[in-house]
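There are 2 protein chains.
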Amino acid sequence: MFISKSFIPILKNNPTEAKIKSHQLMLRVGMIKQSSAGIYSWLPLGFKVMKKIERVVREEQDRIGVQEILMPTIQSSEIWKESGRYKDYGEELLRIKDRQGREILYGPTNEELITDIFRSSIKSYKTLPQLLYHIQWKFRDELRPRFGIMRCREFYMKDAYSFDINDEEAFFSYNKFFLSYLKTFKRLELSAIPMAADTGPIGGNLSHEFIILAETGESKIYTDKRIFDLKYDDEVLEKNSLKKLREKYEKFYAVTDEKFDQKEFDKNVSKENRLSTKGIEVGHIFYFGDKYSKPMNAAVDHQGKKEYVKMGSYGIGVSRLVGAIIEAKYNDKEEIMKWPISVSPYDIAIIPLINKNDSTNLDKAVSICKALNEKNLDVIIDDTEENFSSKLKKFNLIGIPYQILLGKKSEGDLLEFKEIGKESQNLSVKQIIDLVTKIKNKI
Amino acid sequence: MFISKSFIPILKNNPTEAKIKSHQLMLRVGMIKQSSAGIYSWLPLGFKVMKKIERVVREEQDRIGVQEILMPTIQSSEIWKESGRYKDYGEELLRIKDRQGREILYGPTNEELITDIFRSSIKSYKTLPQLLYHIQWKFRDELRPRFGIMRCREFYMKDAYSFDINDEEAFFSYNKFFLSYLKTFKRLELSAIPMAADTGPIGGNLSHEFIILAETGESKIYTDKRIFDLKYDDEVLEKNSLKKLREKYEKFYAVTDEKFDQKEFDKNVSKENRLSTKGIEVGHIFYFGDKYSKPMNAAVDHQGKKEYVKMGSYGIGVSRLVGAIIEAKYNDKEEIMKWPISVSPYDIAIIPLINKNDSTNLDKAVSICKALNEKNLDVIIDDTEENFSSKLKKFNLIGIPYQILLGKKSEGDLLEFKEIGKESQNLSVKQIIDLVTKIKNKI
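Residue numbers (our numbering), protein chains in the order written: chain Z, 1324 to 1766; chain C, 1324 to 1766.
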């Protein structure tokens, strides 16, 4: 792909309306375009990153046996009246009247709708547990949308729901997601820590927010530093092992603002381990028992008795993660971004110095590109006649982690290969293919 | 995957509320569930088919060099006022007021929004043509939603947009989509014929609907039969060759209702070739010049002159195609469905006869499944204890094209392998893998 043919509208300077670095960078390199307050279009560069994040999220859901479905964005108000949330939810719920005057709404979350699907399909406890997820657009009518796609109105979210026969099984489901979320964020090269959290409008009494540290975050957190050193690679999808995993994390004090208690903090965390800082919420899991199943009559037959199913819900902000990764990886002082290879818009950028009337380097770039494409590496070539240093500056912002530089020095079969943030080295095309393929296969 | 663990709520009988066979089948085998009037949730079986259709559509867009983006579902009314359609569009446009009292809407189509994106990013004719597409949910507030997902309110659509400097280039873009659509529908095993059509609320003066024949279709068409025999495999993405391709089709009279003229029909089509029947619209392409670019001021600088860009738009109903394929492939008399392998929810169904306290056949099914999974074949096992004939009946409805039957006869290494609609044959696991893989690779 040539950059001259791509729809990547790059700005010369940081847009003044953007207050945090992810918003700045996304506008700067043309990943998104605002269409109205808190509502964005995703241009090719941003779209590619979001789709790759979606793929990682999907794979990790599939891995723990959650089945994918797709619920609509527009919901009837009837089921929200059944659960009682139509009244309670407040003004963030976008309420709509259709042409027949019926009250409908744009779903900000799907507890009611999934409960409705469950109750009309599942009658016996034998088919439990049921774990279902979907990845769909949601709408919350934020009073003050801000920070680009970090706090916007229309956002892309993975939300999963679990249905179990009793608390013990329901905690097993909860803990599966607990592990799955740790793994998902790790694949995105994020250190996201589960923090005991308030349940808010979802309800229930058990909940963890997965938070990544960031000065620009809107969540205030209080934690024992040592929680960052925990390992979990050995955990398997087995009841006891997962229980122990959660206990391992819960041994350390780690809470969000609403759950904070100064006395508890002082008592449980030694002074040198105390950390109170800000973070970005990238995932949130809830256990709320029969909060929805009871009013909506979602029950199964269990040994002759009617039992309301025990439910949990599990969200990951797919579109928000694009911004969260930038907050974590973008050095805005040096203007250098580096995407994790798992979600980078391209694997490799080829940056040739191109002089007027001399196509040597461009031809070379094209032939290297072909070789890389054949090995399933996704490549973009800067085929413009800009000067070399402004090309480098531009690609340091775009953040593709690997670059092949065809400058004046370029001669023979060895190419100047650079991983962002490291020294460049001279490698053959084959060596580059091997190196990048190996890294891609690991994630 | 075991069917007992899948969320596939199958009905014993045809649902009485469904009037056409695609709606009947989709409810019957639990592909969808209605959530409110004209709004559906996609359960795992339906979701898988829709995602596979989406993949085919995406690959064929990428192949002609269209770049993927993603526009939001909610749009500001401002741009619709600029184009003049806010007043004109009528009651199918779902108009919404947000909490601040601003007029917003759920997009039924995206001409305005894409024009807004274009005008803020592209300034020079040198970066033309620009071809962009997205696959996103749309909403049309149908007065009488009907026929399941065929005429619903919330639907999933691929819409592409082209921007060119003049008519000649714009027709080139139009013809690229013309070819691409023929190919897309062919990969879905549909014989979709381009028919000259009215442009309706999109506007412009050149338009083709891609129609598949179906008695349950809502489009009335008049055509020369011989158009069904046309071939186009040799066509390439070159201006003249594409022009000839379209001319080849346009030589035959083929129009939708609004374009029909009895005299023309009688004059241009000999009696034995006349066909007037019904069909389902699965794609629609439009050329409308500067209808949007002029009022919205989307222009490029061309040799010192300001030129309004010439635009077209190109839609494929992704969710509707699920129903359209069923209408084309489902024999509702015999209750036998057969999905094209390109979009089948699974590649192979393993159907073992399972007697109480005898797990021989189930164990065998599991070991065959593993061997097939290793070769990237997607398999579902019927692990229930239903009797064999009701299992066969169920799987003939689900429509996975290939079945492995482990009945009483099952002995030794040769398995009873059946392609729906054909005689069964005895094959080894390896032969089955080779056969199905070969067919999958062809499409």
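From the three backbone atoms N, C-alpha and C, an ideal C-beta is built for every residue, glycine too.
Cα separation between residue i and residue j?
i: M1619/C; j: W1403/C; result: 10 angstroms
i: S1485/C; j: I1437/C; result: 10 angstroms
i: E1426/Z; j: S1399/Z; result: 7 angstroms
i: G1744/Z; j: S1447/C; result: 35 angstroms
i: R1549/Z; j: T1339/Z; result: 38 angstroms
i: S1444/C; j: K1614/C; result: 19 angstroms
i: V1752/C; j: N1684/C; result: 15 angstroms
i: A1688/Z; j: G1646/Z; result: 31 angstroms
i: V1592/C; j: Y1576/C; result: 7 angstroms
i: I1534/C; j: S1514/Z; result: 51 angstroms
i: E1570/Z; j: S1665/Z; result: 30 angstroms
i: Y1725/Z; j: A1694/C; result: 37 angstroms
i: E1746/C; j: K1761/C; result: 19 angstroms
i: K1698/Z; j: G1540/Z; result: 39 angstroms
i: N1749/C; j: Y1429/C; result: 54 angstroms
i: F1500/C; j: K1374/Z; result: 24 angstroms
i: K1661/C; j: K1342/C; result: 20 angstroms
i: D1487/C; j: C1692/Z; result: 28 angstroms
i: E1767/C; j: I1419/Z; result: Residue coverage of chain C in this structure runs from 1324 to 1766, which leaves residue 1767/C outside it and unanswerable.
i: K1449/C; j: Q1459/Z; result: 37 angstroms
i: K1566/C; j: L1553/C; result: 15 angstroms
i: S1736/Z; j: Q1754/Z; result: For clarity, residue 1736/Z is Asp in the given sequence; the question names Ser instead. Approximately 11 angstroms between the Cα atoms of the pair.
i: G1723/Z; j: K1628/Z; result: It is Ile, not Gly, that sits at residue 1723/Z in the sequence shown. The straight-line gap from Cα to Cα measures roughly 58 angstroms.
i: N1680/C; j: P1452/Z; result: 24 angstroms
i: G1612/C; j: Q1626/C; result: 20 angstroms
For the candidate residues the options, whose alpha-carbon lies nearest to that of residue i?
i: N1596/Z; options: N1684/Z, D1487/Z, T1546/Z; result: T1546/Z
i: S1667/C; options: I1703/C, L1685/C, S1636/C; result: I1703/C
i: I1767/C; options: E1742/C, K1410/C, L1366/C; result: Examination of residue 1767/C is not possible in this model, given that chain C is present from 1324 through 1766 alone.
i: D1482/Z; options: R1510/Z, I1525/Z, E1491/Z, P1675/Z; result: I1525/Z
i: K1371/C; options: D1670/Z, S1358/Z, L1393/Z; result: L1393/Z
i: L1644/C; options: Q1626/C, H1625/C, I1603/C, G1612/C; result: I1603/C
i: S1713/Z; options: F1325/Z, F1330/Z, L1334/Z; result: L1334/Z
i: E1491/Z; options: R1442/Z, E1561/Z, P1517/Z, R1474/Z; result: E1561/Z
i: N1498/C; options: E1477/C, N1764/C, Y1572/C, E1742/C; result: Y1572/C
i: F1583/Z; options: S1496/Z, K1661/Z, K1574/Z, K1543/Z; result: K1543/Z
i: P1517/Z; options: N1489/Z, Q1754/Z, M1480/Z, Y1555/Z; result: Y1555/Z
i: I1472/C; options: L1715/C, K1567/C, F1609/C, L1350/C; result: L1350/C
i: K1617/Z; options: Y1631/Z, G1413/Z, Y1363/Z; result: Y1631/Z
i: F1551/C; options: K1586/C, K1509/C, E1587/C; result: K1509/C
i: K1716/C; options: E1658/C, M1324/C, S1682/C; result: E1658/C
i: I1440/C; options: T1432/Z, N1563/Z, G1353/Z; result: G1353/Z
i: E1709/Z; options: P1675/Z, E1742/Z, K1629/Z, E1391/Z; result: P1675/Z
i: K1461/Z; options: T1432/Z, R1442/Z, N1489/Z; result: T1432/Z
i: K1763/C; options: N1678/C, L1738/C, I1671/C; result: I1671/C
i: N1696/Z; options: T1707/Z, S1682/Z, L1738/Z, V1759/Z; result: V1759/Z
i: F1325/C; options: E1383/C, S1690/C, I1387/C; result: S1690/C
i: E1382/Z; options: T1507/Z, S1327/Z, P1468/Z, H1346/Z; result: T1507/Z
Please check the pair residue i and residue j, which I expect to be a contact at CB under 8 angstroms, by giving their CB distance rounded to whole angstroms.
i: H1607/C; j: E1532/C; result: 5 angstroms
i: C1475/Z; j: G1361/Z; result: 4 angstroms
i: P1395/C; j: S1364/Z; result: 6 angstroms
Report yes if the CB atom of residue i is closer than 8 angstroms to the CB atom of residue j, and no otherwise.
i: L1729/C; j: I1673/C; result: yes
i: E1434/Z; j: S1636/Z; result: yes
i: T1579/C; j: D1521/C; result: yes
i: P1332/Z; j: E1512/Z; result: no
i: V1727/Z; j: F1740/Z; result: At residue 1727/Z the sequence reads Ile, which differs from the Val that was named. Yes, they are a contact pair.
i: D1701/Z; j: Y1669/Z; result: yes
i: R1463/C; j: E1414/Z; result: no
i: Y1412/C; j: S1642/C; result: no
i: L1454/Z; j: S1496/Z; result: yes
i: I1756/C; j: K1344/C; result: no
i: L1505/Z; j: Y1610/Z; result: no
The ligand GDP heavy atoms versus the CB of residue i: any closer than 7 angstroms?
i: L1417/Z; result: No copy of the ligand GDP occurs in the structure displayed, which carries no ligand at all.
Residues, ordered as in the chain, of the stretch 1366-1393 of chain Z that lie near chain C by beta-carbon distance below 9 angstroms: From the stretch 1366-1393 of chain Z, only L1366, P1367, G1369, F1370, K1371, M1373, K1374, G1388, Q1390, E1391, I1392, L1393 have a Cβ closer than 9 angstroms to chain C.
Please list, in chain order, the residues of the stretch 1452-1464 of chain Z that have any C-beta partner in chain C closer than 7 angstroms. Within the stretch 1452-1464 of chain Z, Q1453, L1455, W1460, F1462, D1464 place their CB atoms closer than 7 angstroms to a CB of chain C, listed in sequence order.
Taking Cβ-Cβ distances below 7 angstroms as the criterion, which residues of the stretch 1401-1425 of chain C are in contact with chain Z? Answer set for the stretch 1401-1425 of chain C: E1414, L1417, I1419, D1421, R1422.
What are the residues in the stretch 1653-1682 of chain C lying within 9 angstroms of chain Z by C-beta distance? Residues: none.
Contact set between the stretch 1464-1487 of chain C and chain Z, restricted to residues whose Cβ is under 8 angstroms from the partner: Under the 8 angstroms Cβ criterion, the stretch 1464-1487 of chain C contributes D1464, L1466, R1476, E1477.
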